[in-house]
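Remember, our numbering sits 14 above the position in the sequence shown when you count from 1.
Structure, as structure tokens:
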Amino acid sequence: MVKCFSKLLKRSQVLHLLELTDTRHVVYELDKEGFVELKYLSLWQCPTVQYILHSSTSVEWVPPPNTFRMLEELFLRGLHNLEAVCHGPIPMGYFGNLRILKLWGCKRLKYVFSLPAQHGRESAFPQLQHLDLAFLPELISFYSTRSSGTQESMTVFSQQAAFPPWSP
């Protein structure tokens, strides 16, 4: 199916995918050029998706430098095998325009992103304005510094987001 739509995927600005059953690593398997034009991406009920972006140094394929540079909104819902949005360090500029991130019902998700220890947390998501996390029973932290083996709190949002008081 991917070959039939490969040219269209490369030019798309809005992409909604529902019930993909044969994809584990979204960028690698659907557009190896990194969805250069994509602004809005949503994946719903895709039981085999493990990572959106696999940028670990342990794999032979390295995502191109312009991967997800235009992406403004990412909505993942019901991806029950999703382990992380990005597996491995996020190169500078990836997700740089991300304004809205929604993660709902991703049962295995422990960390949203993995950032290298030297990565500036303040610059990792400079445009992020809206974060919606729901029904994530295994979530430990927004990001992990796997190189040091530690999990850190959400200080990445110290100057960027305000969390209004919760009232029942």
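Positions of the beta carbon are idealized from the N, C-alpha and C atoms, including for glycine.
The beta strand (DSSP E) with residue i in it runs from where to where?
i, result
"GLY31", "Looking at the sequence itself, residue 31 is Leu, so the reference to Gly does not match. That run of the beta strand (DSSP E) goes 28 to 32."
"VAL99", "98 to 101"
"TYR65", "65 to 68"
"LEU55", "54 to 58"
With a threshold of 16 other CB atoms inside 10 Å of the CB of residue i, please say whether the residue is buried or exposed.
i, result
"THR35", "exposed"
"ASP45", "buried"
"VAL126", "buried"
"GLY102", "buried"
"LEU117", "buried"
"ILE154", "exposed"
"PHE156", "buried"
In this structure, does DSSP put residue i in helix, strand or coil?
i, result
"LYS24", "helix"
"LEU44", "helix"
"PHE49", "coil"
If you drop the 5 nearest sequence neighbours on each side, which residues of the same chain put their C-beta closer than 6 Å to that of residue i?
i, result
"PRO115", "According to the sequence as given, residue 115 is Leu; it is not Pro. These residues qualify, in order along the chain: LEU88 and LEU145."
"GLU86", "LYS53, ASN111 and ARG113"
"ILE66", "VAL40 and VAL99"
"LEU31", "LEU57"
"LYS124", "GLU152 and ILE154"
Go through its chain and collect everything with a Cβ distance to residue i's Cβ below 7 Å, but skip five positions before and after it.
i, result
"ARG122", "HIS94, ASN95, LEU96, GLU97 and GLU152"
"GLY48", "VAL41, PRO77, PRO78, ASN80, THR81 and PHE82"
"GLU33", "GLN59 and CYS60"
"VAL28", "LYS53 and TYR54"
"VAL63", "LEU34, THR37, ARG38, VAL40, LEU57, LEU93, ASN95 and LEU96"
"PHE109", "PHE82, LEU85 and PHE139"
Keeping to the same chain, check which residues put their C-beta closer than 8 Å to that of residue i; ignore five residues upstream and five downstream.
i, result
"ARG25", "GLU51"
Cβ of residue i less than 8 Å from any chain C Cβ?
i, result
"LEU52", "This model lacks chain C altogether; it includes just one protein chain."
Mind checking who residue i pairs with in its DSSP beta bridge?
i, result
"TYR157", "PHE127"
"LYS116", "PHE89 and ASP146"
"HIS39", "TYR65"
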